[in-house]
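Data first, discussion second: the structure below is written as structure tokens.
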Amino acid sequence: MGLANILLCMVLVFLCFLNQARCETRNYHIAAVGIKWDYAPSGYNQLNGKPLDEDSEAKIFTKRGKDRIGRVYNKVVYRECTDSSCDAMKKHPHI
């Protein structure tokens, strides 16, 4: 073997030892939380700028009625708890 090959092998062996996995136990506490989710929170059609109540095309989907759910649905999201009791949730930027 030439010197370049020996150096390459030494570097590869060094990198293998450097990248050994470090085991660590991590505990995450999560809960499924029911929320009301507004799929059109601005109240405006984002394509044409009209208020949803005045936009005849959007109103078909966003107005609640006997055969329509409307724009607010029940939804379940997963939230991280501060501890295993799940009495308190960690802050979330969107909820």
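Oh and the sequence shown: position 6 is 7 in this note's numbering, straight run, nothing missing.
Glycine included, every Cβ here is placed at the ideal spot set by N, Cα and C.
Owing to the predicted nature of the structure, the values given are computational and were not obtained by experimental measurement.
* Asked: Using the rule of at least 16 other Cβ atoms within 10 Å of the residue's Cβ for burial, across every protein chain shown, is ALA59 buried or exposed?
  -> Walking along the sequence shown from the start, residue 59 turns up at place 58. Counting of Cβ neighbours within 10 angstroms places ALA59 among the buried residues, the total reaching 16 or more.
* Is TYR79 near ILE7, with beta carbons less than 8 Å apart? -> Within the sequence shown, the letter at position 78 stands for residue 79. Within the sequence shown, the letter at position 6 stands for residue 7. Result no, Cβ atoms of TYR79 and ILE7 do not sit closer than 8 Å.
* Distance between beta carbons of VAL77 and VAL12, contact taken as under 8 Å -> As a first step, residue 12 must be located in the sequence shown, where it is residue number 11. As a first step, residue 77 must be located in the sequence shown, where it is residue number 76. Rounded to the nearest angstrom, the Cβ distance from VAL12 to VAL77 is 50 Å, too far for a contact under 8 Å.
* Please look up how many angstroms separate the CB atoms of ARG65 and ALA41, rounded, as I've assumed it's under 8 Å. => Taking the first residue of the sequence shown as position 1, residue 65 is located at position 64. Taking the first residue of the sequence shown as position 1, residue 41 is located at position 40. Contact doesn't hold; Cβ gap of about 12 Å is too wide.
* Cβ-Cβ distance between ASN49 and ASP39 below 8 Å -> For the purposes of this step, residue 49 is identified with residue 48 of the sequence shown, where counting begins at 1. For the purposes of this step, residue 39 is identified with residue 38 of the sequence shown, where counting begins at 1. Not closer than 8 Å, so no.
* Asked: To which residues does DSSP link VAL77 through a beta bridge?
  -> Taking the first residue of the sequence shown as position 1, residue 77 is located at position 76. According to DSSP, which records beta bridges pairwise, VAL77 is partnered with GLY35.
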